[in-house]
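First comes the structure, then the notes that go with it.
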Amino acid sequence: MPDRSPTLAAQARLSHDLLQAVRRDAPLVQCLTNFVSMNYAANALLAIGASPAMVHAAEEAPEFARLSGAVVINIGTLSAPWLDSMLLTAGSAGRAGTPWVLDPVAHHATAFRRDAVARLLDLRPAVIRGNASEIIALAGGQSAGKGVDARDAVAQAEESARALAAARQTVVAVTGETDYVTDGSRALRITGGSPWMPRVTATGCALTAVVGAFAAVSRDDPYAAAVAALSCFGIAGASAHDQAQGPGSYAWRFLDALAALDAASLVRASPLRA
Amino acid sequence: MPDRSPTLAAQARLSHDLLQAVRRDAPLVQCLTNFVSMNYAANALLAIGASPAMVHAAEEAPEFARLSGAVVINIGTLSAPWLDSMLLTAGSAGRAGTPWVLDPVAHHATAFRRDAVARLLDLRPAVIRGNASEIIALAGGQSAGKGVDARDAVAQAEESARALAAARQTVVAVTGETDYVTDGSRALRITGGSPWMPRVTATGCALTAVVGAFAAVSRDDPYAAAVAALSCFGIAGASAHDQAQGPGSYAWRFLDALAALDAASLVRASPLRA
Amino acid sequence: MPDRSPTLAAQARLSHDLLQAVRRDAPLVQCLTNFVSMNYAANALLAIGASPAMVHAAEEAPEFARLSGAVVINIGTLSAPWLDSMLLTAGSAGRAGTPWVLDPVAHHATAFRRDAVARLLDLRPAVIRGNASEIIALAGGQSAGKGVDARDAVAQAEESARALAAARQTVVAVTGETDYVTDGSRALRITGGSPWMPRVTATGCALTAVVGAFAAVSRDDPYAAAVAALSCFGIAGASAHDQAQGPGSYAWRFLDALAALDAASLVRASPLRA
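Chains as they are written, first to last, in my numbering: chain Z, 2 to 275; chain E, 2 to 275; chain P, 2 to 275.
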């Protein structure tokens with residue numbers, strides 16, 4: 002990848018501005034997310050300054066999507082009634098111009114999930130956030146992962162991510178030890194985080210929710226939204242690491258770090274890399 | 002409001018006695034509550050000394066309500082099957098003389114919720130606990146809130162709360178920076194808490210659950226139950242604030258503070274105000 | 002009970018080996034568990050070194066059970082669609098040779114639960130984990146418990162546990178202040194833990210999930226799996242106690258302790274008793 006230092010610096014400043022916008026506007030982020038992550042994702046949204054709304058039923062979720070700043074759809078604990086509602090809500094979001102973000106949790110594990118994700122993809126998410134195994138499989142590749150864990154490294158998923166983003170005209174964020182974000186043409190990497198993060202359940206789902214918060218304040222540029230959200234997780238995630246003594250203490254220290262995150266650090270200690 | 006200091010002192014002593022009763026009796030509190038709050042509400046109930054039971058299915062929840070000390074119904078993540086069960090369970094609780102408490106989360110956000118709450122209200126909750134926006138809208142007023150956040154101040158909701166309590170012969174608790182409780186004729190305010198509280202998801206839902214615990218030991222006086230529960234949250238909430246460094250640490254420190262709450266402090270440092 | 006010290010020492014060494022196997026293999030543990038416990042159980046599985054997958058829908062859970070190292074079924078927040086899926090998934094697990102673990106939460110509280118557990122039992126769980134009241138009732142005895150709490154002491158449940166294990170050719174683990182594990186002929190007790198444990202919701206459900214992790218690496222010996230899981234909870238549970246100041250801090254300190262658990266301590270400070 003060519004040296005993009007000036008672009009990276011501009012992107013870092015944009016992340017700074019978007020974090021301030023999230024804190025100023027407290028965008029309403031509607032999540033149709035899995036049961037495991039609901040509490041932690043809501044707390045992450047509150048910590049970053051957004052306003053979570055876990056509204057999922059088919060009777061109201063499509064209507065609510067018209068009020069929302071962004072919609073987040075995560076198939077972690079999928080079931081048939083939830084899928085119906087996700088499809089209706091993503092459709093409603095699309096018609097209303099509300100950006101929506103997809104987390105295709107373990108979509109390659111069963112036929113039910115594969116079919117669900119294929120139908121959701123057709124409804125044009127603004128951003129897709131997954132681990133390397135999920136993104137490789139989503140682009141049609143052969144993943145080593147069987148469950149919700151990533152068995153593949155992010156670097157192995159870069160080509161898949163780029164192809165998927167280009168084919169679907171979306172932004173793809175692959176997260177792992179170093180993250181990778183691409184819109185099919187642009188791409189960059191985000192460092193930071195902590196080895197404890199994959200040992201705390203729902204941190205990935207919380208990240209997807211926070212991508213939604215940034216998408217709400219960056220409707221024209223979902224690439225910038227994804228980069229900003231991942232940057233916040235990178236910096237706050239590393240900051241929480243230093244004081245944590247295990248996954249239990251990491252979980253709450255990370256929320257404290259997200260809430261205390263100094264926007265200036267997104268520029269001063271930018272985690273962005275070419 | 003006239004000076005009610007003697008009444009406030011008597012009310013504080015009653016709160017003290019009710020907390021001791023909760024700890025002695027460990028009342029069974031059945032919660033049909035939202036997915037986001039289930040874990041935190043159960044932990045708050047355990048911390049205060051009650052026994053939580055998250056039993057929600059239509060096949061058993063109405064039957065279980067006859068065994069419960071109180072029932073708590075919270076529409077945060079409502080869906081059609083849950084609403085059916087809530088209506089059956091509230092009805093069963095009513096017939097059995099089991100007090101039930103309503104948390105009308107964001108009921109003004111969608112038609113589905115508005116209709117649900119109208120039907121639940123007809124089943125006569127002993128206490129309604131909500132934020133200012135929810136209570137104003139419930140009384141037929143125009144609220145500034147759009148989602149689960151309160152965009153209105155508690156003081157603006159006092160008249161709505163009083164009218165709602167009188168019209169429905171119930172107790173209404175409006176929570177915010179300073180809380181307000183009324184049964185339509187009596188009213189008082191409760192101080193304490195922490196600015197971190199609204200930054201931790203499910204603290205309001207946990208409070209509603211704890212109102213249920215107190216309602217179970219104060220069946221003839223749901224006003225006293227609401228005042229006692231809010232007082233516990235006021236004092237424990239302020240005590241947790243001093244040591245918390247953010248919303249993550251506040252969440253667990255608050256549970257520690259609830260469990261460690263000295264009943265005498267409800268009198269000695271009463272958070273009640275006229 | 003006769004002195005079984007040599008057997009206890011061998012069992013302790015086996016627990017040590019099984020913990021190392023869990024950490025090496027990171028077995029995929031599929032949980033159909035209650036909403037209250039999902040997050041905490043997933044975090045406990047990650048802390049011990051396993052890989053959680055909360056996959057519950059009838060459309061995919063039976064298929065997923067063929068990939069899983071073990072399946073955990075917990076009826077805490079049961080509903081009709083979940084019960085259908087539990088029955089299908091337990092059946093699929095049985096056909097695939099995947100061990101499955103049953104947590105019959107409050108099964109004696111309602112007719113719906115009693116019937117559900119009777120049908121699940123016929124599908125032959127490898128291990129049943131419950132509190133004393135649940136196990137007594139499951140063996141046909143008269144329990145003092147009404148809700149999810151144990152109102153009976155473990156010692157009172159030992160005969161019930163032994164009879165149930167023998168009749169159903171399964172392993173029964175009764176947990177409380179001192180735990181009891183039996184396969185109908187063998188039996189032992191496990192000490193440790195903390196008085197805070199029953200004051201933190203979902204610790205029992207998390208334990209059942211961790212029994213699943215051990216069952217995945219000890220398919221031929223579910224008795225050893227249950228003993229190892231309870232030993233980890235005993236030692237990590239006592240270790241967390243020393244630094245906790247209440248149920249809030251205990252919850253995360255316990256996860257830290259599980260992750261930091263030195264396998265050698267299972268032998269050196271064995272919590273096993275005759």
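Each residue gets a CB set at the ideal place from its N, CA and C atoms; glycine is no exception.
Between E:Arg254 and chain P, is any beta-carbon pair separated by less than 8 Å?
By 1-based counting over the second sequence, the position of residue 254 of chain E is 253. Taking Cβ atoms only, chain P reaches closer than 8 Å to E:Arg254, which makes this a yes.
Using CA coordinates, which residue listed in P:Ala48, P:Leu46, P:Val37 is at the minimum distance from E:Gly44?
Residue mapping note: residue 44 of chain E aligns to position 43 of the second sequence, counting from 1. Checking the sequence shown, residue 44 of chain E turns out to be Asn, not Gly. E:Asn44 has its Cα closest to that of P:Val37, out of P:Ala48, P:Leu46, P:Val37.
Per-residue burial, P:Pro196 [other beta carbons within 10 Å of its own, 16 or more giving buried]
By one-based count along the third sequence, residue 196 of chain P stands at place 195. With fewer than 16 other Cβ atoms within 10 Å, it is exposed.
Quick one, which residues of the region 197–209 of chain P are near chain E if we go by CB-CB under 7 Å, in chain order?
Arg200, Val201, Thr202, Ala203
Between P:Ala81 and chain E, is there a C-beta pair that is closer than 8 Å?
Residue numbering aside, residue 81 of chain P sits at position 80 when the third sequence is read from its first letter. Interface residue, yes.
So what's P:Gly77 in DSSP terms, helix, strand or just coil?
Locating residue 77 of chain P in the third sequence gives position 76, counting from the first residue. Note: P:Gly77 maps to coil in three-state DSSP.
Report yes or no: is there a C-beta of chain Z within less than 8 Å of the C-beta of E:Pro3?
Translated into the one-based positions of the second sequence, residue 3 of chain E becomes position 2. For E:Pro3, the pLDDT reaches just 46, beneath the cut-off of 50, and the residue's location in the model is therefore unreliable, leaving the point undetermined.
List, in order along the chain, the chain P residues whose C-beta lies closer than 9 Å to that of E:Leu47?
Taking the second sequence and counting its residues from 1, one reaches residue 47 of chain E at position 46. Near E:Leu47 (Cβ distances below 9 Å), the residues of chain P are Pro199, Arg200, Val201, Thr202, Pro248.
What are the residues that DSSP puts in a beta bridge with P:Asn132?
Residue mapping note: residue 132 of chain P aligns to position 131 of the third sequence, counting from 1. Beta-bridge pairing links P:Asn132 to P:Thr176.
Residue range of the beta strand (DSSP E) that Z:Leu68 falls in?
In the first sequence, counting from the first residue as 1, residue 68 of chain Z sits at position 67. First-last for Z:Leu68: undefined, no H or E at that position.
Closer than 7 Å by C-beta to P:Ala216: which residues in its own chain qualify, once you throw out the five before and the five after it? Chain order, please.
Position 215 of the third sequence holds residue 216 of chain P. Ala71, Pro100, Val102, Ala127, Val128, Pro223, Ala226.
Return the first residue and the last residue of the beta strand (DSSP E) that Z:Pro282 is part of.
Any question about residue 282 of chain Z goes unanswered here, given that chain Z covers just 2 to 275.
Short Cβ contact (8 Å threshold) for P:Val30 with P:Pro53:
Numbered from 1 along the third sequence, position 29 holds the residue referred to as residue 30 of chain P. Numbered from 1 along the third sequence, position 52 holds the residue referred to as residue 53 of chain P. Contact: yes.
Against E:Val37, what residues of chain Z qualify as contacts under a CB-to-CB distance less than 7 Å, listed in chain order?
Sequence index remark: in the second sequence, residue 37 of chain E carries index 36 (1-based). Met39, Asn40, Ala43, Met55, listed in chain order.
Touching by the beta-carbon criterion (3+ pairs, under 8 Å), the region 203–222 of chain P and the region 73–88 of chain P
yes
Can you check whether the CB of E:Leu273 is closer than 8 Å to the CB of E:Ser232?
Against the second sequence, residue 232 of chain E aligns to sequence position 231. Against the second sequence, residue 273 of chain E aligns to sequence position 272. Their beta carbons are under 8 Å apart, which means E:Ser232 touches E:Leu273 by this criterion.
Determine which residues share a DSSP beta bridge with P:Leu121 and list them.
Here residue 121 of chain P corresponds to residue number 120 of the third sequence, with the count starting at 1. Note: P:Leu121 sits in no beta bridge, so no partner.
Are the CB atoms of E:Arg163 and E:Thr183 within a distance shorter than 8 Å?
Taking the first residue of the second sequence as 1, we reach residue 183 of chain E at position 182. Taking the first residue of the second sequence as 1, we reach residue 163 of chain E at position 162. Yes; because the gap between Cβ atoms is below 8 Å, this pair is in contact.
Which residues does DSSP pair with P:Ile236 in a beta bridge?
Within the third sequence, numbered from 1, the residue matching residue 236 of chain P stands at position 235. Beta-bridge pairing links P:Ile236 to no other residue.
7 Å CB neighbourhood of Z:Ala252 in its chain, flanking five on each side removed:
The count along the first sequence starts at 1 and reaches residue 252 of chain Z at position 251. Answer for Z:Ala252: Val201, listed in chain order.
Where the beta strand (DSSP E) through P:Arg200 begins and ends:
Locating residue 200 of chain P in the third sequence gives position 199, counting from the first residue. Per DSSP, P:Arg200 belongs to no beta strand (DSSP E) and is neither H nor E.
Assign Z:Arg14 to one of two classes, buried (16 or more other C-beta atoms within 10 Å of its C-beta) or exposed (fewer than that).
Along the first sequence, read from residue 1 onward, the residue named residue 14 of chain Z stands at position 13. Classification for Z:Arg14: exposed.
Specify the secondary structure class of P:Gln244 as computed by DSSP and reduced to three states.
Residue numbering aside, residue 244 of chain P sits at position 243 when the third sequence is read from its first letter. Three-state result, P:Gln244: coil.
DSSP three-state label for P:Val106, please.
What you label residue 106 of chain P is simply residue 105 of the third sequence in a count that begins at 1. Coil at P:Val106, not helix or strand.
Contacting residues, own chain, Cβ-Cβ under 7 Å from Z:Ala167 (five flanking each side not counted)
The residue labelled residue 167 of chain Z in the question sits at position 166 within the first sequence. If we look at Z:Ala167 and ignore the five residues flanking it on each side, its Cβ neighbours are Gly185.
By a C-beta neighbour count over all protein chains shown, 10 Å radius and 16 as the cutoff for buried, is P:Asp180 buried or exposed?
Indexing the third sequence from 1 puts residue 180 of chain P at position 179. It is buried - the Cβ of P:Asp180 has at least 16 other Cβ atoms within 10 Å.
Partners in chain Z for P:Asp104, counting only beta-carbon separations shorter than 7 Å
By one-based count along the third sequence, residue 104 of chain P stands at place 103. By Cβ distance, chain Z contributes nothing, its closest Cβ being about 17 Å from P:Asp104, past 7 Å.
For the beta strand (DSSP E) that contains Z:Ala164, what are its first and last residues?
Taking the first sequence and counting its residues from 1, one reaches residue 164 of chain Z at position 163. Where Z:Ala164 is concerned, there is no enclosing beta strand (DSSP E), although the alpha helix (DSSP H) it sits in stretches over 155–169.
Beta-carbon proximity check, Z:Arg67 vs Z:Ala97, cutoff 8 Å:
Translated into positions along the first sequence, residue 67 of chain Z becomes position 66. Translated into positions along the first sequence, residue 97 of chain Z becomes position 96. Yes, these two residues count as a Cβ contact at 8 Å.
Residue from P:Val228, P:Leu79, P:Ala260, P:Ala174 with nearest C-alpha to P:Ser271
The sequence position of residue 271 of chain P within the third sequence is 270, counting from 1. Out of P:Val228, P:Leu79, P:Ala260, P:Ala174, P:Val228 has the C-alpha closest to the C-alpha of P:Ser271.
List the DSSP bridge partners of Z:Thr34.
Along the first sequence, one-based indexing puts residue 34 of chain Z at 33. Looking at the DSSP assignment, Z:Thr34 forms no beta bridge with any residue, so it has no partner.
Is the beta carbon of Z:Ala174 sitting closer than 8 Å to the one on Z:Ser161?
If you number the first sequence from 1, residue 174 of chain Z lands on position 173. If you number the first sequence from 1, residue 161 of chain Z lands on position 160. Cβ atoms of Z:Ala174 and Z:Ser161: not closer than 8 Å.
Cβ of Z:Ser62 less than 8 Å from any chain P Cβ?
Start at 1 with the first residue of the first sequence, and residue 62 of chain Z comes out as number 61. A small correction: the amino acid at residue 62 of chain Z is Ala; Ser does not occupy that position in the sequence shown. Answer no: the Cβ-Cβ gap between Z:Ala62 and chain P never drops below 8 Å.
Assuming P:Ala188 is part of the beta strand (DSSP E), what are its boundary residues?
Taking the first residue of the third sequence as 1, we reach residue 188 of chain P at position 187. First-last of the beta strand (DSSP E) with P:Ala188: 188–191.
Mapping the DSSP letters down to three states, classify Z:Leu208 as helix, strand or coil.
Residue mapping note: residue 208 of chain Z aligns to position 207 of the first sequence, counting from 1. Note: Z:Leu208 maps to helix in three-state DSSP.
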